[in-house]
Amino acid sequence: MFGGKEKTKDMEAPVINKSTSKDIKTLIGEGCKVEGNFYIPTFTRIDGTVKGDLTGESGIIIGIQGRVIGNICASEVAIYGIVDGNIEAQKLELKKGSAINGDISVTHLITELGSMFNGRCSMNENVHTEPANVPEIAETNAA
Numbered sequence: 292m293f294g295g296k297e298k299t300k301d302m303e304a305p306v307i308n309k310s311t312s313k314d315i316k317t318l319i320g321e322g323c324k325v326e327g328n329f330y331i332p333t334f335t336r337i338d339g340t341v342k343g344d345l346t347g348e349s350g351i352i353i354g355i356q357g358r359v360i361g362n363i364c365a366s367e368v369a370i371y372g373i374v375d376g377n378i379e380a381q382k383l384e385l386k387k388g389s390a391i392n393g394d395i396s397v398t399h400l401i402t403e404l405g406s407m408f409n410g411r412c413s414m415n416e417n418v419h420t421e422p423a424n425v426p427e428i429a430e431t432n433a434a
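First residue of the sequence shown? That's 292 in this note's numbering, and the numbers climb one at a time after it.
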């Protein structure tokens, strides 16, 4: 009756990675609607609707029911919901069912099958990673 052992997938909290799930300090819950520009120094999860720009020092997660109408700038961003605006991030994850309508500027981009992106993408150069050595393929002349 109480304390059922099964969890539905919708109840599970999406996170950027396991180590940050307990670090989420700010939450805008489902059904909340807020308006204004926000500076967020800690990991933040948005499950409601935000009209305005979000600037974060750490990471921002837009949950399945979350919607942002404005620009997002943070080191890590994970999108499960909808963003109508531009995104600037070091690492951007577009999860299944997510939608972005706007331009993105990222260093690392991860997309899942079923995500949607309408806009332009510019990839920033990653100075720490060098391309892998690709062996040269010998040319053959077929007669």
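Every residue, glycine too, gets a C-beta built ideally from N, C-alpha and C.
Between which two residues does the beta strand (DSSP E) containing Phe375 stretch? The residue you call residue 375 lines up with position 84 of the sequence shown. In the sequence as displayed, the identity of residue 375 is Asp instead of Phe. Following the DSSP letters along the chain, one finds Asp375 inside the beta strand (DSSP E) bounded by residues 373-375.
At which residues does the beta strand (DSSP E) containing Gly350 begin and terminate? The residue you call residue 350 lines up with position 59 of the sequence shown. Residues 350-353.
Drop a sphere of 10 angstroms on the beta-carbon of Gly357, count the other beta-carbons inside from all chains shown, and report buried for 16 or more, exposed for fewer. Against the sequence shown, residue 357 aligns to sequence position 66. Its Cβ being crowded by 16 or more others within 10 Å, Gly357 is buried.
Residues bridged to Arg411 by DSSP? Locating residue 411 in the sequence shown gives position 120, counting from the first residue. Among the bridge pairs identified by DSSP, Arg411 is matched with none.
Quick one: residues in its chain with C-beta nearer than 6 Å to the C-beta of Glu348, no 5 flanking neighbours on either side, listed in chain order? Taking the sequence shown and counting its residues from 1, one reaches residue 348 at position 57. Taken in chain order, the residues that qualify are Pro332.
Going by beta-carbon coordinates alone, are Glu403 and Leu383 separated by less than 9 Å? By 1-based counting over the sequence shown, the position of residue 403 is 112. By 1-based counting over the sequence shown, the position of residue 383 is 92. No; because the gap between Cβ atoms is not below 9 Å, this pair is not in contact.
Name the one or two DSSP bridge partners that Phe329 has. On the sequence shown, residue 329 is found 38 positions in, with the first residue counted as 1. In DSSP, Phe329 forms a bridge with Leu345.
Rounded Cβ spacing between Cys364 and Thr335 (contact assumed at less than 8 Å): For this step, residue 364 is matched to residue 73 along the sequence shown. For this step, residue 335 is matched to residue 44 along the sequence shown. Contact between Cys364 and Thr335 is ruled out by a C-beta separation of about 12 Å, above the 8 Å threshold.
From the DSSP secondary-structure annotation, give me the bridge partner or partners of Cys364. What you label residue 364 is simply residue 73 of the sequence shown in a count that begins at 1. Cys364 pairs with Thr346, Glu379.
Which value, in whole angstroms, describes the spacing of the CA atoms of Tyr330 and Ile360? Numbered from its first residue, the sequence shown carries residue 330 at position 39. Numbered from its first residue, the sequence shown carries residue 360 at position 69. Taken atom to atom, the span from the alpha-carbon of Tyr330 to that of Ile360 is near 15 Å.
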